[in-house]
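Next comes the structure, spelled out in structure tokens:
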């Protein structure tokens, strides 16, 4: 029974999250022969001021590509 944790910045809408967990589940079924009903995906959303990259808080970056 796979248990997958996805950590990402807060800000995706419900439809995006639905698509993400479905896609991850499909990959586990296709590649690992997992059962869809036994595949669990947890999304942990992190605030921009709780995450850093390169020693700089994401909330301090002005790069629009950072999502």
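Residue numbers (this note's numbering): 72 to 138.
Ideal Cβ positions, reconstructed from N, Cα and C, are used throughout, including at glycine.
Just so it is clear, the structure is predicted and the values come from calculations on it, not from any experiment.
Counterpart residues of residue i in DSSP-defined beta bridges
i	result
residue 115	78
residue 127	124
Best match in the options for proximity to residue i [C-alpha to C-alpha]
i	options	result
residue 82	112, 127, 97 and 119	119
residue 79	126, 121, 115 and 100	115
residue 74	124, 126, 133 and 99	99
C-alpha distance - residue i paired with residue j, whole-angstrom precision
i	j	result
residue 89	residue 108	15 angstroms
residue 95	residue 112	8 angstroms
residue 72	residue 130	36 angstroms
residue 128	residue 86	27 angstroms
Proximity test, Cβ basis, 9 angstroms: residue i and chain C
i	result
residue 98	Here chain C cannot be found, since the structure has a single protein chain.
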